[in-house]
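Below is one structure; the comments refer to it alone.
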Amino acid sequence: MATPLAWRNLTHHLRRLLLSLAGIGFVVLLMFMEMGFSNGCFDTATHGYTLFNADLVIVNRISTPASPQRFVRERLYVARRSPAVADVIPMYVQVGAQWKIPGNAGLRRVRVFGYDTRQRPFWPAEFAPRDDLRQPGAVLFDSRSRALLGKPAPGTVTELNGRTISVVGLAPMGADLDTDGNLFVDQSTFFAIFGETDKGRLTPRDVDYGLIQLRAGIDPSQAAEELRKLLPDDVRVLTLSDYCDDVQAYWSRNTAVGFLFNMGVVVGFLIGMIVCYQILFTDISNNLLPFATLKAMGYRTSRLVRLVLEQATFLALLGFVPGLIGAWFLYWVMESQTGLTMALTPSRMATILLLTLAMCLVAGLMALYKVIRIDPADCF
Amino acid sequence: MEQHSNKIGRAAAGGKLPSVSFSGLNHYFGQGEARRQVLYDVHLAMYPGEIVIMTGPSGSGKTSLLVLAGGLRQVQEGSLNVLGREMHGLSARELVEIRRSIGFIFQFHNLFESLTALENVQLALDLHPYSTREKRDRAADILTKLGLEDRMHYKPSSLSGGQKQRVAVARALVNKPLIILADEPTAALDKESGRIVVSLLQEHARAADATIILVTHDNRILDVADRIVTLIDGRIASRVEVGESILICEFLKKCPVFAHQSPSELTEVAQKMAYEKYPPGGVIFHQGEEGNKFFLIREGQVEVVINGHNGPRVVARLEKGNIFGETSLLKHQPRNATVRAVDEVEVYVLGRDDFHAAMEKSVSFRDQLLRTYAGRS
């Protein structure tokens, strides 16, 4: 085993090391937060859809999350004829409905999902079919709505778009950037409230989503391919996860949110790079003569290059840990305060870890010129 | 008659090939207009087991010589042979390879503060395919030999200056190099520590038959040298075979003409003396010739023969330690006798100009002369 020079040089000045790690850890935390906000926004944007009890989703081809378009219900009849399909649930959605806050004169925007309540378009247990929801004006209230919608309980009576409604139960979904909460109603109630529009009458013929459940053992992407062949191209057939990705991609393309937070990550990356460069540079500068002596003794420059990069890697790994712990804590705080989804998934941890490594290695490469330029003859 | 200007070097080598030899070496600094020659036509050979001290004013090129011998710079002109390999034309990569068989010791210890003494020494072993255990044992061994067994696990900050330099010496010696290049290794040390470091080097030179080249201004350590080479303005100004030089000085000291000269003046004279050898019966000079040399007998006997009216007559026999030939030089007269070798004779020879220069410089000698004149009047 070779003498662990990189590690020793790093840990020699404990106080300096701790300061360094605090610096890098802070940058890691910053990147986690920026990425967390960004992901939080996008995760939140699709959070409702991930609850869909469906393998495939059919939507209008020109529909976008910002301007939803409906499609004709006949497309679903066609889909239902496919042998791979077990069930098809038409889903109607109204965004920006006016919810009157119980015990308060204020109005807030909510999103309303309408469907045949004998079916089960969302998988959480609270969405199990229930008869009381079939009464006119009966709603399920999103228990994870923002607090500013009030705290309705089963039995609470209030208004939606000026019509009297009564809360019969609670079911969890969660707010997003656009709406403060969600309501779930039977399609009869849905059309009773939203049927009259400025542009004419809205009917059950105009569907927002077709949720398709496949028979057991059927591969979703293959089934989607089959359905695409059966259906005219005014609709798109996507697997649920593709649809969610699609929506996230749409928001990140069409809003400044993704860009801003990515900029935040880039700025964090640059700061971290400078911090790391400073640490490595200082260490090399403090050891110029010993390094020159190593070169005189017959160490190749490549070996010293490896030494510096090793040290950069140690810095990245050691700095990542406090950053991760900090991020984990702050994510928890943020989530409980804002209701935004702040998920610390393994793939996101891996992304930040890779960014941290890249940050330190680039800094290492920048510091390398100093090592490369060391001339052993200068020892004399 | 045989003449050697570098006789002792060969003698010390016992017929061995030099481990470092420069021949016709020129070296330059800078490029284009700023190009400046720092070494001129250097011829110098150093042999296994020999300790050579390089000295001279700063900027005289001694460091350049060390840098070249250490493979830290490429040879530009002339030839440099290190451990049997011609360095001229080697790539930087090949030079790195050669450096691994050379031990370097610098003015400063250049140890990593983050590593213990043992680990600092192990860095030198990391270049070779030893096992972890072997590395530790070898490093511990050499540190023990250098009297640092209690300090192995100390970091440089808890070692004294002398101990740090000893660790640096251990790092240079641990691979048992055949050449050691040391640049002012005692400059930062007190007398005692400096002496310890130098003795260690001396022991290594003897034990491993290694060549040690020491650049130093430290007069306290000159005595370890087998040879002292002085560089001035990029040229070798003198090479003193130290043992021989001391011998010459001791002889000269006994001669009345040189009796009042200081050791440094004698050394200077000794440095300028050349070596000559005559077979039995060989004539060193004839009576009546113009005197152009001064002689000191190193070995053997000569007879002084005056060719008078009654034919040749031996007036004196001279032997080891005696001088002859000075009268003609002092009085600016032709030789008043013939000198002939009886058996095989080795002599040291000083040219006329050098002889006069020595006399001129010698204040004490002029005092003596003046006193003589004063006594006459």
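Protein chains in written order, with the numbering used here: chain A, 1 to 380; chain B, 381 to 757. Built from N, CA and C at the ideal position, the CB exists for glycine as well.
Test: residue i CB closer than 8 angstroms to a CB of chain B
i	result
A2 (chain A)	yes
R15 (chain A)	no
N9 (chain A)	yes
L294 (chain A)	yes
Y369 (chain A)	no
A312 (chain A)	no
G298 (chain A)	yes
L289 (chain A)	yes
F380 (chain A)	yes
H47 (chain A)	no
Burial state of residue i, where buried means 16 or more other Cβ atoms lie within 10 Å
i	result
L140 (chain A)	buried
S385 (chain B)	Only weak support is given to the placement of S385 (chain B): the predicted model assigns it a pLDDT of 43, under 50, and the question is left unresolved by the model.
S399 (chain B)	buried
G145 (chain A)	Checking the displayed sequence, the identity of residue 145 (chain A) turns out to be Ser instead of Gly. With 16 or more other Cβ atoms within 10 Å, it is buried.
F329 (chain A)	exposed
Y77 (chain A)	exposed
E656 (chain B)	buried
T512 (chain B)	exposed
N690 (chain B)	exposed
S471 (chain B)	exposed
M1 (chain A)	exposed
I325 (chain A)	exposed
D43 (chain A)	buried
E457 (chain B)	exposed
D606 (chain B)	buried
N254 (chain A)	exposed
H777 (chain B)	There is no way to answer for residue 777 (chain B), as the model of chain B reaches only from 381 to 757.
CB contact check: residue i to chain A, cutoff 8 angstroms
i	result
Q502 (chain B)	yes
P398 (chain B)	no
A737 (chain B)	no
F488 (chain B)	yes
S438 (chain B)	no
V476 (chain B)	yes
F638 (chain B)	no
L495 (chain B)	yes
L507 (chain B)	yes
Reference residue i, options the options, closest by Cα
i	options	result
L709 (chain B)	B:H689, B:N687 and B:E669	B:E669
N599 (chain B)	B:K571, B:K741 and B:D723	B:K571
S438 (chain B)	B:A472, B:F484, B:E564 and B:Y427	B:E564
Y369 (chain A)	A:K229, A:S285 and A:L324	A:S285
D734 (chain B)	B:E699, B:Q651 and B:I522	B:Q651
F704 (chain B)	B:G451, B:R720 and B:T496	B:R720
G155 (chain A)	A:G137, A:F42 and A:P68	A:G137
T117 (chain A)	A:R111, A:E126 and A:V110	A:E126
L133 (chain A)	A:L160, A:K229, A:V168 and A:L148	A:V168
V685 (chain B)	B:A568, B:I664 and B:N702	B:I664
E630 (chain B)	B:G574, B:E514, B:S644 and B:T610	B:S644
P68 (chain A)	A:E74, A:R75 and A:I58	A:I58
DSSP bridge partner residues for residue i (one or two, in chain order)
i	result
G200 (chain A)	A:T197
H640 (chain B)	Per DSSP, none; premise fails for H640 (chain B).
D206 (chain A)	A:V72
R615 (chain B)	B:I612
S481 (chain B)	The partner list for S481 (chain B) (beta bridge, DSSP) is empty, contrary to what the question assumes.
N461 (chain B)	B:S401 and B:E466
A425 (chain B)	B:S401
S166 (chain A)	A:A138 and A:V157
T718 (chain B)	B:V685
K535 (chain B)	Note: K535 (chain B) sits in no beta bridge, so no partner.
M91 (chain A)	A:Y209
N406 (chain B)	B:E457
Closer than 8 angstroms to chain C by CB, residue i
i	result
L5 (chain A)	Checking the listed chains, one finds no chain C in this structure; the protein chains it contains are A and B.
Say whether the region 588-604 of chain B touches the region 420-431 of chain B, bearing in mind that this needs 3 or more beta-carbon pairs closer than 8 angstroms, one atom from each stretch. yes
Three or more C-beta pairs under 8 angstroms: does that hold for the region 667-683 of chain B against the region 702-717 of chain B? yes
Inter-stretch contact at 8 angstroms, needing at least 3 Cβ pairs: the region 234-242 of chain A / the region 94-111 of chain A: no
Cβ contact check for the region 26-34 of chain A and the region 205-219 of chain A: 3 or more pairs under 8 angstroms: no
Whether or not the region 476-488 of chain B and the region 458-468 of chain B are in contact is what I'm after, with contact meaning three or more pairs of Cβ atoms, one per stretch, closer than 8 angstroms; do they touch? Yes: at least three Cβ pairs fall under 8 angstroms.
Segment contact, 8 angstroms Cβ cut-off, at least three pairs: the region 347-365 of chain A with the region 299-312 of chain A: yes
Counting pairs of Cβ atoms below 8 angstroms between the region 242-259 of chain A and the region 63-75 of chain A, do you hit three or more? Contact between the region 242-259 of chain A and the region 63-75 of chain A is present, with at least three C-beta pairs closer than 8 angstroms.
State whether the region 47-60 of chain A contacts the region 163-174 of chain A, with contact taken as three or more CB pairs (one from each stretch) at a distance under 8 angstroms. Cβ pair count under 8 angstroms is three or more, so yes.
Validate contact between the region 319-334 of chain A and the region 20-29 of chain A using beta carbons, cut 8 angstroms, 3 pairs: yes
If we count Cβ pairs, one from each stretch, closer than 8 angstroms, do we get three or more for the region 635-644 of chain B versus the region 608-624 of chain B? no
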